[in-house]
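**Student:**
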Amino acid sequence: MPSYSVAQIRRAEQLARASGRALMPLAGRAAAEFIAARFPPDHTLLALAGPGNNGGDALEAATRLLALGYAVRVLLPSGPAGLPPDAALAWAGWHGAGGETRTTLMPCDVPDIVIDGLFGIGLNRTLDADWQALVDTVNGWNVPVLALDVPSGIDADTGAALGRPIQAHWTLSFIAETAGLSRPGPGQMAAGERHVDTLGVILSPAA
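Position in the sequence shown (from 1) plus 334 gives the number in our numbering.
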């Protein structure tokens, strides 16, 4: 499949938003449908929501899965106060649906499935100690993980590991796959089975 740089995907996002398209609800729906196609509602889910729009995608997915009857919890380590506007709307939808949110993990939080929405394609620094501890805990559970866009802890452009990344069973990239997942290396190793949902945004190879 073709791959693109972070800058190319960001530009496609900007053009879609400028045309009035709301991509985050589409991404959340795609992630929820991905889970629902593979697991019945008797499974428990933990959605990891980071401080940016990747966290908003996870919140949208969590809200949809909750409506489908799944037992879903959200871990939002940074809290909702600093979320960007689209992710804040996703948080409001989750909160309004009666969703349960925590800022720290509890011993009872081990789920059947994890949605990784901690960091998306914009991460360009090494995970700090707190985020790394969270990723290490999730990896230690050895449960299926769906990463949104890229596994958290991977540089989306280069595929380099920015610490010890989430080890995903599947990665669902939105709009297009990033260059960092297209070549052998830590990105591919962390991504597991790779899937793309274009959200209706079509990029040409020369975009």
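Beta carbons: idealized from backbone N, C-alpha and C, even for Gly.
(1) Alpha carbons only, please: which of ALA356, LEU380, ALA346, GLY354 is nearest the one belonging to ALA366?
(2) Spell out whether any CB of chain D is found under 8 Å from the CB atom of LEU399.
(3) Across which residues does DSSP place HIS429 in a beta bridge pair?
(4) In terms of DSSP beta bridges, what is TRP475 paired with?
(5) Would you tell me roughly how many angstroms separate the C-alpha atoms of ARG459 and ALA370, rounded to the nearest one?
(6) Based on DSSP bridge pairs, tell me the residues matched to ILE509.
(7) Report the rounded CA-to-CA distance for PHE373 versus GLY451, giving the unit in angstroms.
(8) Would DSSP call VAL408 helix, strand or coil?
(9) So VAL479 and VAL448 are in contact, right, with Cβ under 8 Å, and what is the actual spacing, rounded?
(10) Counting only runs that start and end within the region 351-426, where is the alpha helix (DSSP H) found for 4 or more residues in a row?
(11) Would you call the CB atoms of VAL477 and PRO445 closer than 8 Å?
(12) By how many angstroms is the C-alpha of THR438 removed from the C-alpha of ALA424?
(13) Let me check understanding here. Comparing Cα to Cα, which of ASP462, GLU394, PRO499, ALA490 lies closest to GLY474?
**Tutor:** So, from the data block:
(1) LEU380
(2) The chain inventory of the structure shown lacks chain D, comprising one protein chain alone.
(3) For HIS429, which the question treats as bridged, DSSP gives no partner whatsoever.
(4) In the DSSP output, where bridge partners are listed per residue, TRP475 has none listed.
(5) Each residue's Cα considered, the two are about 33 Å apart.
(6) Paired residues: none, contrary to the question.
(7) Approximately 19 Å, taken between the alpha carbons.
(8) strand
(9) 4 Å
(10) Entirely contained in the region 351-426, the alpha helix (DSSP H) runs reaching 4 residues are, in chain order, 357-370, 387-401.
(11) yes
(12) 20 Å
(13) PRO499
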